[in-house]
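Numbering (the UniProt record's numbering), first residue to last: 1 to 397.
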């Protein structure tokens, strides 16, 4: 990315809006899962479709890396503006506490619906919550993202506390410099090589889609986690080095979109007919690491460029969605599985079920979030002093 421009202290609207967009895609993703071929989710519909399966496969690649990049991007300015102690307290308040609220109040509802679906409980919800969930079945569900994010932040705090002056020096030295094409190409080359090697090496020991747990609270997919770590670090580096998407890239957006479409087709052509039947082959795993890393990055940079070009400005609609996106992420899955549970046996098409879950989840989650934000603003929590839009916890600087 040549002629990189300096990042100002102004609000970076397009990243706020991109994060909100990705959260909506998470709702889309969870609304699609009952209809994915070869996958049994919380609600398992007998009707499956290849189109929804392909849609899920595509979304699964770039959603979370994008969120981790944005979180990493705002890490340094947040800790620099305040202090290490304030940063840690902020993350405990905005991530750790909501995480524990989520796994004690929201996830039990999801797990109860799952237990009813698969016939593993006959208890009332109260009995299940008190005597089954907490005794042997505590889970994180979609709150895995918060536990991983909190872990990444705490590792960043430890590194920053040992290298504070180096961070500041690199940031200050970058003030009047632009990133040369050679420097950026070399950096991206290292980024890809590390990503491919770590993804491939991890996949030799555990399947690409498998989940593992550290205790009860940190649950993740090891191959994907390596990618999330890279994008989190990538975000930190981009802010510290003051790298932005250059104008000449936004002017080539049609070519970038075309490249994204071609990469989607190529990725699906590999995944659907070939990959899942040959996961034991080393060469297939290596090629999977290459194509996954490339596809993830091309989708990520395309989304960044689209939002930078068209949405890097104030917008009431996008502003409200951005303000609510964090809370929407927290509550949405309860609504999704409840709607799917009551629709699964209806004699309607899977498209009606999908859009019913998607639209219903979005509306109910948005209303719930607005109510929560109103309550928090009344008690003086979560309001940005410089604007009438509540600052999303992940990207608050």
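For every residue, glycine included, the Cβ atom is placed at its ideal position computed from N, Cα and C. Predicted, not measured: the structure shown is a model, and the values here were computed from it.
Open item on the list: Could you check whether residue 313 and residue 13 sit closer than 9 Å to each other, using their CB atoms as the reference points?
Closed with: Within the chain shown, numbered from 1, the residue matching residue 13 stands at position 13. Within the chain shown, numbered from 1, the residue matching residue 313 stands at position 313. Closer than 9 Å, so yes.
Open item on the list: Does residue 51 pass the burial test, meaning 16 or more other C-beta atoms within 10 Å, or should it be called exposed?
Closed with: Taking the first residue of the chain shown as position 1, residue 51 is located at position 51. The residue is exposed, with fewer than 16 neighbouring Cβ atoms inside 10 Å.
TODO: Kindly indicate which residue of 298, 48, 166 and 23 has the alpha-carbon position closest to the one of residue 241.
DONE: As a first step, residue 241 must be located in the chain shown, where it is residue number 241. Ranking 298, 48, 166 and 23 by Cα distance to residue 241 puts 166 first.
Task: Beta carbon of residue 238 nearer than 9 Å to that of residue 73 - done: Within the chain shown, numbered from 1, the residue matching residue 238 stands at position 238. Within the chain shown, numbered from 1, the residue matching residue 73 stands at position 73. Contact flag set, yes.
Task: Contact set for residue 402: own chain, Cβ-Cβ below 7 Å, skip 5 residues either direction - done: Missing from the structure shown is residue 402; the chain here goes from 1 to 397 and no further.
Open item on the list: For a quick check, are the C-beta atoms of residue 361 and residue 336 less than 9 Å apart?
Closed with: The residue labelled residue 361 in the question sits at position 361 within the chain shown. The residue labelled residue 336 in the question sits at position 336 within the chain shown. Yes.
Task: Meets three-Cβ-pair contact criterion under 8 Å: the segment 227 to 236 and the segment 50 to 70 - done: yes
Task: Separation of residue 340 from residue 107, as counted between CA atoms - done: As a working mapping, residue 107 is identified with position 107 in the chain shown. As a working mapping, residue 340 is identified with position 340 in the chain shown. Looking at the two C-alpha atoms, the distance is approximately 16 Å.
- [ ] Give the range of the beta strand (DSSP E) segment to which residue 220 is assigned.
- [x] Translated into positions along the chain shown, residue 220 becomes position 220. That run of the beta strand (DSSP E) goes 218 to 220.
Open item on the list: Check whether the segment 244 to 261 and the segment 224 to 232 are in contact - that is, three or more C-beta pairs closer than 8 Å.
Closed with: no
- [ ] Tell me whether residue 115 is buried or exposed, calling it buried when 16 or more other Cβ atoms sit within 10 Å of its Cβ.
- [x] On the chain shown, residue 115 is found 115 positions in, with the first residue counted as 1. Buried is the call here.
TODO: Would you grab the beta carbon distance between residue 161 and residue 84 for me? Rounded to a whole angstrom, and I think it's under 8 Å.
DONE: For this step, residue 161 is matched to residue 161 along the chain shown. For this step, residue 84 is matched to residue 84 along the chain shown. Correct: roughly 6 Å between the Cβ atoms.
TODO: Tell whether a beta-carbon distance below 9 Å holds between residue 216 and residue 110.
DONE: Reading the chain shown from its first residue, position 216 is the one you call residue 216. Reading the chain shown from its first residue, position 110 is the one you call residue 110. No; because the gap between Cβ atoms is not below 9 Å, this pair is not in contact.
Open item on the list: Taking the straight line between their C-alpha atoms, what separation do you get for residue 59 and residue 15?
Closed with: One-based indexing of the chain shown puts residue 59 at position 59. One-based indexing of the chain shown puts residue 15 at position 15. Each residue's Cα considered, the two are about 18 Å apart.
TODO: Assuming residue 324 and residue 260 form a contact by the criterion Cβ under 8 Å, report the distance between their Cβ atoms to the nearest whole angstrom.
DONE: As a first step, residue 324 is located in the chain shown; it is residue number 324 there, counting from the start. As a first step, residue 260 is located in the chain shown; it is residue number 260 there, counting from the start. About 27 Å; that fails the 8 Å criterion.
Task: Between the CA atoms of residue 19 and residue 31 - distance to the nearest angstrom - done: Translated into the one-based positions of the chain shown, residue 31 becomes position 31. Translated into the one-based positions of the chain shown, residue 19 becomes position 19. Between residue 31 and residue 19, the C-alpha separation is close to 19 Å.
Open item on the list: Using the three-state DSSP reduction, which class does residue 12 fall into: helix, strand or coil?
Closed with: Within the chain shown, residue 12 is the residue found at index 12, counting from 1. In the structure shown, residue 12 sits in coil (DSSP, three-state: anything other than H, G, I, E or B).
Task: Pairwise C-alpha distance: residue 330 and residue 158 - done: Here the question's residue 158 lines up with position 158 in the chain shown. Here the question's residue 330 lines up with position 330 in the chain shown. The alpha-carbon atoms of residue 158 and residue 330 are separated by roughly 27 Å.
- [ ] Might you give, ordered along the chain, the residues of its own chain that have their beta carbon closer than 7 Å to the beta carbon of residue 372, omitting 5 neighbours on each side?
- [x] The count along the chain shown starts at 1 and reaches residue 372 at position 372. Same-chain partners within the cutoff: 327.
TODO: Just mark residue 211 as buried or exposed, buried being the case when its beta carbon has 16 or more other beta carbons within 10 Å.
DONE: Along the chain shown, one-based indexing puts residue 211 at 211. Classification for residue 211: exposed.
- [ ] Indicate whether the contact test is met: 3 or more Cβ pairs, each with one atom in the segment 290 to 308 and one in the segment 74 to 81, closer than 8 Å.
- [x] no
Task: Reference residue 26, options 375, 197, 143 and 301, closest by Cα - done: The sequence position of residue 26 within the chain shown is 26, counting from 1. When only C-alpha atoms are compared, the closest one is 143.
Task: Whole-number beta carbon distance between residue 291 and residue 267, since they are thought to touch under 8 Å - done: Translated into positions along the chain shown, residue 267 becomes position 267. Translated into positions along the chain shown, residue 291 becomes position 291. Yes, residue 267 and residue 291 are in contact; Cβ-Cβ is about 6 Å, under 8 Å.
TODO: With a 10 Å radius around its C-beta and 16 neighbouring C-beta atoms as the bar for buried, classify residue 288 as buried or exposed.
DONE: Taking the first residue of the chain shown as 1, we reach residue 288 at position 288. That one is buried.
Task: residue 377 burial status per 10 Å Cβ neighbour count (16 or more: buried) - done: Position 377 of the chain shown, counted from the first residue, corresponds to residue 377. So residue 377 ends up on the exposed side.
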